[in-house]
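Using this note's numbering, read the sequence shown as starting at 1021 and increasing by one per residue.
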Amino acid sequence: MIREAVVETFPEVVAAVNRGADRIELCANMNVGGTTPSYGMVKCAVDYCHHMNVEVAVMIRPRGTFTYDVFEQEVMRQDIIEYTKLGADYFVCGALTADSSLDVLTLQKLMSVTHIPFVMHMAYDHIPKHQQLKAMDQLIELGVIRLLTHGSADAATSILDNISQLARLLVYSKGRLEIMPGGSLTKDNVEQLISQIPFQEVHGTKIV
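Quick look at the structure:
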């Protein structure tokens, strides 16, 4: 099982790697759910983690929202171009329209400037549930390889209360993209989740 640790600072990178993290998700501003980290942070984290045989996923999100105007989209595009050069292993990104549908055009634009795989972050949970399976099909068609989900837009809920929704997404995915649960998932409760649904990858700030 791959354990992806969410970190914000370089000391947190080192600590998570030392505790056995298989992958780092690098963010800034965790108080708003994560935004794009700085160039220097990505450079240092990628250099260190790759030396330790640990992958790095980089959040691409200019502010604590999921809808972006054309100027913000260009900022995201330029960050992706530069962080591709630094050797990031994955980009963690999501975009929604004003009515909370998947913003396919924005994702296409961002994905077109890199060969690095994309991960859809928890913006997905804010898509109305009756539209989520269609959105998953769209993500698969775009080439997104992994979906990070809490199973609910309510971050305050325990992920263990969202098992039925997580199972629904996993069954529907049929292995076409990886479903990675996260949000309130820790090293102390992850086995309780895995005992019910055998996820291959898990995500959290306290996952290791």
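All residues carry an ideal CB built from backbone N, CA and C; glycine is no exception. Predicted model, so just to flag it, every value in this text is computed and none were measured.
For residue j and residue i, the rounded distance between their alpha carbons
i, j, result
"Leu1106", "Ser1058", "12 Å"
"Ala1036", "Arg1097", "28 Å"
"Ile1100", "Glu1024", "20 Å"
"Lys1129", "Phe1086", "15 Å"
"Ile1160", "Gln1185", "19 Å"
"Ala1048", "Thr1055", "5 Å"
"Met1142", "Leu1116", "11 Å"
"Thr1206", "Pro1031", "19 Å"
"Asp1042", "His1070", "11 Å"
"Met1050", "Gly1203", "12 Å"
For residue j and residue i, believed in contact at Cβ under 8 Å, the rounded distance
i, j, result
"Val1222", "Met1021", "6 Å"
"Leu1168", "Met1200", "5 Å"
"Ile1136", "Val1112", "That belief does not hold up - the Cβ atoms of Ile1136 and Val1112 are roughly 11 Å apart, past 8 Å."
"Ala1173", "Asp1208", "The Cβ separation is near 24 Å, so there is no contact."
"Ala1026", "Val1033", "The sequence given here places Val at residue 1026; Ala does not occur at that position. Their Cβ separation, rounded to whole angstroms, is 11 Å, which puts Val1026 and Val1033 out of contact at 8 Å."
"Met1131", "Gly1114", "In fact, because the Cβ distance is near 12 Å, the residues do not count as touching under 8 Å."
Simplified DSSP state of residue i, which is helix, strand or coil
i, result
"His1070", "helix"
"Pro1201", "strand"
"Phe1111", "strand"
"Arg1196", "coil"
"Lys1207", "coil"
"Glu1024", "strand"
"Val1090", "helix"
"Ile1044", "strand"
"Val1033", "helix"
"Gly1224", "strand"
Short CB-CB distance (under 8 Å) between residue i and chain B
i, result
"Val1076", "In the structure shown, chain B does not exist; there is a single protein chain."
**Message:** Using a Cβ distance threshold of 8 Å, determine whether the stretch 1086 to 1101 contacts the stretch 1068 to 1075, with at least three qualifying pairs required.
**Reply:** No contact exists between the stretch 1086 to 1101 and the stretch 1068 to 1075.
**Prompt:** How about the stretch 1175 to 1185 and the stretch 1106 to 1122: do they share at least three Cβ pairs that are nearer than 8 Å?
**Reply:** By the criterion of at least three beta-carbon pairs nearer than 8 Å, the stretch 1175 to 1185 is not in contact with the stretch 1106 to 1122.
**Asked** Taking three-plus beta-carbon pairs below 8 Å as touching, is the stretch 1210 to 1218 in contact with the stretch 1140 to 1159?
**Response** Counting Cβ pairs under 8 Å, fewer than three are found: no touch.
**Request:** Quick one: which unbroken alpha helix (DSSP H) runs of 4-plus residues sit fully inside the stretch 1134 to 1180? Chain order, please.
**Result:** Qualifying alpha helix (DSSP H) stretches, in chain order: 1149 to 1162.
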